Structure formats: C-alpha cells, structure tokens
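Engineer: Have a look at the structure that comes next, please.
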Amino acid sequence: MAGSYDLHRDLQSIQAPVIHFDHVSKEYQKGIHAIEDICISIKKGEFVFIVGSSGSGKSTLIRLMLREILPTKGKVFVAGRELSRLRRHQISKYRRSIGVVFQDFRLLKDRNAYENVAFAQRVVEVPPAEIRKNVPRMLSLVGLSEKYKAFPSELSGGEQQRIALARALVNNPVILLADEPTGNLDPKNSWEIMHLLEEVNRRGTTVVVVTHNHEVVDMMQKRVITLRNGRVISDEQKGGYVYAKY
Numbered sequence: 001m002a003g004s005y006d007l008h009r010d011l012q013s014i015q016a017p018v019i020h021f022d023h024v025s026k027e028y029q030k031g032i033h034a035i036e037d038i039c040i041s042i043k044k045g046e047f048v049f050i051v052g053s054s055g056s057g058k059s060t061l062i063r064l065m066l067r068e069i070l071p072t073k074g075k076v077f078v079a080g081r082e083l084s085r086l087r088r089h090q091i092s093k094y095r096r097s098i099g100v101v102f103q104d105f106r107l108l109k110d111r112n113a114y115e116n117v118a119f120a121q122r123v124v125e126v127p128p129a130e131i132r133k134n135v136p137r138m139l140s141l142v143g144l145s146e147k148y149k150a151f152p153s154e155l156s157g158g159e160q161q162r163i164a165l166a167r168a169l170v171n172n173p174v175i176l177l178a179d180e181p182t183g184n185l186d187p188k189n190s191w192e193i194m195h196l197l198e199e200v201n202r203r204g205t206t207v208v209v210v211t212h213n214h215e216v217v218d219m220m221q222k223r224v225i226t227l228r229n230g231r232v233i234s235d236e237q238k239g240g241y242v243y244a245k246y
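The numbering used here puts the sequence shown at residues 1 to 246.
Put into structure tokens, the structure is as follows:
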C-alpha cells in the first residue's frame, strides 16, 4: 500500500462499511480462541453497543480495530482498507483518525484539562492558532469550559471522563471507540457521558461502545452486538442487553 494513509479521504471515496470483520478469529494461545469466526459490518454514522460477559472477546475486538493486534484468521477492514496490510508508518496516522475513550480515563496527571486536550492536537502537529480555537470549543462541548485550568486530581470521575472524551474528539475522528466509558462512574455521570456520545454520533461520527452497563443499553435502544465465548450470538439493529437470555 503505497502513499499516505488518510481515513477521512477513504471514507469519502468508498461505499463500503466503515468497519468490517470478515470471518475473523484470534488465538492468543494455540487452539484457544479469544474470538472465533466474527462477521460484523458497521456503517458510517452508526451507534453500536458491543456487550457480553468478561472474557467474551469484547476487548479483543477493540484491539483489532485499533490495529494493536492482528487476526489469526480472517480480515479486518476500516474504510475499505485491510488493517493487516498497513505499513508501519501508516499505523500511527491511522490511529490518529480514531478517537478512543477508556474506562480509566488515561489523562496526563501533570497537565491541566486544557493541556490534556491540546496534547492530542500537538501530536498531529496542528498549528498553535488552531489549537487555541479547537480546545476551548471541545471543552465547551463537554460542559467544562470553566475547568480548563484544573488538573485531573482536582476533577471528579465524571469530569475526567468528559475531558478524555474532549481529547478523543478534538481531532475530528471518523470513528469513536469507547471501551467501558461508564465503568468507573455513578449513574448520573454515566448518563451524561452517554448523552455526549449520542450528540457526537448525531454530528456524524461512528460510535462503537463496549459496555457492561445493562441499564444504559436497554434505555438507549441502539444496535447491540452480543458476544459469548468469542462468538456473535446476537446482532439486533435496535434493542437491549440480551446476553442474560442465553
């Protein structure tokens, strides 16, 4: 694959799903599958929950989407490109086109809210003048304009997650992956984060959320992909958390 890698450009030029797993399996140990024969297609602009018990393969799917690991069998495509064929210098640029939010926030402890969000822009060499415009805009989106000088230790869990979300969104990603984004939050803050993700999705970003939060999944009535023992056992276009039925 010669030339530069541009996920935004690719999505403009193809009609393929934004994410596609083609009979994907992953073994971490010989004969022991983390996931097996996964076939999933996610369209541009969808909001999708991936659910299942611990060890069902959810985290493996996220790692495959981020190209942190490669499948043992099958192919993973994003915007029509097979991720295993990305060259080393293309991988980092690919990942910068994807926003990621984790359960444990992963903020830089020695930098304030503004600097945590700005860091994501500096990594991709956004001009300082643009950073000064973009960071306040994102802090406003997540409702934390007044906390821009606060360090992570001075913020609540919900506020830290909102800063993490602002950081994930500041580079205008085409895909947002949220890995247990409400796992360390109380119900009120959980709903605030989910409403923010829904707003991001309305603006055009494809959102994929891995979660154990039954109540959120049941209430939001989005597409739900359910995993069990590394396999897809249910893919409902609109529904709730169905794992308990199996």
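Beta carbons: idealized from backbone N, C-alpha and C, even for Gly. On a predicted model such as this, the values are computed, not experimentally measured, just so you know.
Output the residue ranges of the alpha helix (DSSP H) runs that lie fully inside the stretch 97 to 141 and measure 4 residues or longer, sorted by chain position.
Structural biologist: 113 to 123 and 128 to 141
Engineer: For the alpha helix (DSSP H) that contains residue 217, what are its first and last residues?
Structural biologist: Here residue 217 refers to the residue found at position 217 when the sequence shown is read from its first residue. Its alpha helix (DSSP H) spans residues 214 to 220.
Engineer: With burial defined as no fewer than 16 other Cβ atoms inside 10 Å of the residue's Cβ, what is the status of residue 172: buried or exposed?
Structural biologist: Stepping through the sequence shown from its first residue, residue 172 is reached at position 172. Exposed is the call here.
Engineer: What does the Cβ neighbour count give for residue 195, buried or exposed, with the cut at 16 atoms within 10 Å?
Structural biologist: Within the sequence shown, numbered from 1, the residue matching residue 195 stands at position 195. By the 10 Å Cβ count, residue 195 comes out exposed.
Engineer: Give me, in chain order, the residues of the same chain whose beta-carbon lies closer than 7 Å to that of residue 168; leave out the 5 immediate sequence neighbours on both sides.
Structural biologist: Here residue 168 corresponds to residue number 168 of the sequence shown, with the count starting at 1. Within the same chain, residue 168 has close Cβ partners 99, 100, 101 and 176.
Engineer: Counting pairs of Cβ atoms below 8 Å between the stretch 201 to 221 and the stretch 36 to 45, do you hit three or more?
Structural biologist: The stretch 201 to 221, when compared against the stretch 36 to 45, does touch it at the 8 Å Cβ threshold.
Engineer: Mind checking if residue 237 is an interface residue toward chain D, Cβ cutoff 8 Å exclusive?
Structural biologist: Chain labels in this structure do not include chain D; a single protein chain is all it has.
Engineer: Say the cut is 7 Å; is the CB of residue 90 nearer than that to a heavy atom of the ligand MG?
Structural biologist: Among the components modelled here there is no ligand, and therefore nothing to report on the ligand MG.
Engineer: Report buried or exposed for residue 218, applying the criterion of at least 16 other Cβ atoms within 10 angstroms of its Cβ.
Structural biologist: Mapped onto the sequence shown, residue 218 falls at position 218. Classification of residue 218: exposed, given that the 10 Å Cβ count is below 16.
Engineer: Just mark residue 132 as buried or exposed, buried being the case when its beta carbon has 16 or more other beta carbons within 10 Å.
Structural biologist: Residue 132 sits at position 132 when you count from the first residue of the sequence shown. Flag for residue 132 reads exposed.
Engineer: Roughly how many angstroms lie between the CA atoms of residue 164 and residue 18, to the nearest whole one?
Structural biologist: In the sequence shown, counting from the first residue as 1, residue 164 sits at position 164. In the sequence shown, counting from the first residue as 1, residue 18 sits at position 18. Near 23 Å, if we compare the C-alpha coordinates of residue 18 and residue 164.
Engineer: Under 8 Å Cβ to Cβ from residue 160, same chain only, skipping five residues before and after it: list those, please.
Structural biologist: Translated into the one-based positions of the sequence shown, residue 160 becomes position 160. In the same chain as residue 160, and ignoring 5 residues on each side of it, the C-beta atoms closer than 8 Å to its own belong to 105, 107 and 152, in chain order.
Engineer: Between residue 199 and residue 103, which are expected to be in contact by the criterion C-beta below 8 Å, what is the C-beta distance as a whole number of angstroms?
Structural biologist: One-based indexing of the sequence shown puts residue 199 at position 199. One-based indexing of the sequence shown puts residue 103 at position 103. Rounded to the nearest angstrom, the Cβ distance from residue 199 to residue 103 is 21 Å, too far for a contact under 8 Å.
Engineer: What does DSSP give as the partner residues of residue 25 in its beta bridges?
Structural biologist: Indexing the sequence shown from 1 puts residue 25 at position 25. Answer is 73, bridged to residue 25.
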